[in-house]
Amino acid sequence: MVNFMEAYKSGLNSADLAKKNKKEIDSVFVELQEQILQATERKITVTRKKLPDQDSEQDMETFDFAMVGRQFKSFQELNKGTKSHEKQILHWAIAAENVQANNVSGGSRWPEVTNEEIRVRKLKRGILKELARWTPHPAGYPCQITIGSKIIYCEDKRGLERALLEMLRDPVVGATLQELQNLPIPEQVGTEVSADSINPDATDHAESDG
Numbered sequence: 001m002v003n004f005m006e007a008y009k010s011g012l013n014s015a016d017l018a019k020k021n022k023k024e025i026d027s028v029f030v031e032l033q034e035q036i037l038q039a040t041e042r043k044i045t046v047t048r049k050k051l052p053d054q055d056s057e058q059d060m061e062t063f064d065f066a067m068v069g070r071q072f073k074s075f076q077e078l079n080k081g082t083k084s085h086e087k088q089i090l091h092w093a094i095a096a097e098n099v100q101a102n103n104v105s106g107g108s109r110w111p112e113v114t115n116e117e118i119r120v121r122k123l124k125r126g127i128l129k130e131l132a133r134w135t136p137h138p139a140g141y142p143c144q145i146t147i148g149s150k151i152i153y154c155e156d157k158r159g160l161e162r163a164l165l166e167m168l169r170d171p172v173v174g175a176t177l178q179e180l181q182n183l184p185i186p187e188q189v190g191t192e193v194s195a196d197s198i199n200p201d202a203t204d205h206a207e208s209d210g
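When you line the sequence shown up against UniProt numbering, it's residues 1 to 210, in that order.
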């Protein structure tokens, strides 16, 4: 007889382990976030975000927010009626942002602007930049970090920490962070870091987001 009960119990155990792993991964990114904020006088945040693929960056021109009161297309509207290969494609990334140079939070002035559109605006203005690609796993581990053409597989917490250290030591990543840190800070922007910038993707749902 096929032992479905045993498989069922095994699935429950796997689900519990996955939750534990993801919580552990989140804790590593929280620590990374806190230390980078401290090192940059609370200018720079480093978090996991969904960003547009380079092949679809041309669609960023759709999100020109220069004219106040202009009606902006959402990602859904942008993709509506287009062929599948023309749709806006998003991927998970480890991204850095100068939150003190950020004056594009949207707020009540643009109530219909989505988080994705806000991130596109930040990319266009150069206050948000991708450091590496982030590939999560349904079980938490092995997750994957891609720095340029180098792929690092993280089998556990120590492996993830080593990969993030290697990312920060990369000369291209270092130059990107330096560029962000040197951005001019608008006088009207305070030094308070918004919740969205600090923890936009606190729980790793990448495997369920397609």
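Ideal Cβ placement from N, Cα and C applies to all residues, glycine included. Bear in mind the structure is a predicted one, so any value in this text is a computation, not a measurement.
inquiry  = Starting from Glu166, trace the beta strand (DSSP E) in both directions and tell me its first and last residue.
reply    = Element bounds for Glu166: not the beta strand (DSSP E) but the alpha helix (DSSP H), 157-169.
query = My guess is that Lys129 and Ala175 are in contact by the Cβ rule of under 8 Å, so how many angstroms apart are they, rounded?
reply = Their Cβ separation, rounded to whole angstroms, is 10 Å, which puts Lys129 and Ala175 out of contact at 8 Å.
query = Going straight from the alpha carbon of Tyr141 to that of Lys22, what length do you get?
reply = 8 Å
message = Does Thr47 come out as helix, strand or coil in the three-state DSSP assignment?
response = strand
Val99 and Leu131 closer than 7 Å at C-beta = no
query = Which same chain residues, not among the five before or five after Glu161, have their C-beta less than 8 Å away from its C-beta?
reply = Val28
task = Return the Cβ separation of Ala139 and Ser10 in integer angstroms, given the expectation that the two are a contact with Cβ distance under 8 Å.
result = Not really, about 13 Å apart at Cβ, beyond 8 Å.
key: Closest Cα partner of Leu90 within the set Arg119, Gln35, Phe4   = Arg119
request  = Run the CB neighbour count on Met1, radius 10 Å, all protein chains shown included, and call it buried at 16 or more, exposed below.
outcome  = exposed
query = Going by beta carbon distance, what residues of the same chain come within less than 7 Å of Thr40, once the five residues before and after it are set aside?
reply = Gln181
request  = Enumerate in chain order the residues of its own chain whose CB-to-CB distance from Gln71 is below 7 Å, with the five nearest sequence positions on each side excluded.
outcome  = Low confidence applies to Gln71: its pLDDT is 38, below 50, so where it sits in the model is not reliable, and the reading given next is rough at best. Hits under 7 Å: none found.
ask   = If we call anything under 7 Å between Cβ atoms a contact, is Ala101 one with Leu183?
value = yes
query = Can you name the start and end residues of the beta strand (DSSP E) that Gln144 belongs to?
reply = 143-147
inquiry  = Taking only three categories from DSSP, how would you classify Glu34?
reply    = helix
key: Bounding residues of the alpha helix (DSSP H) (the contiguous stretch that carries Leu123)   = 115-125
task = Look at the alpha carbon of Val46 and the alpha carbon of Asp26, and state the distance between them as a whole number of angstroms.
result = 12 Å
request  = Locate the beta strand (DSSP E) running through Ile94, then write down its first and last residues.
outcome  = 90-98
task = Given a cut-off of 7 Å, decide if Trp134 and Arg42 are closer than it, judged by their beta-carbon atoms.
result = no
message = Rounded to whole angstroms, what is the Cα-Cα separation between Val30 and Gln38?
response = 12 Å
query = With distances taken from CA atoms, which of Glu155, Ala93, Lys124 is nearest Gly148?
reply = Ala93
Rounded separation between Ala18 and Pro186 - CA only = 43 Å
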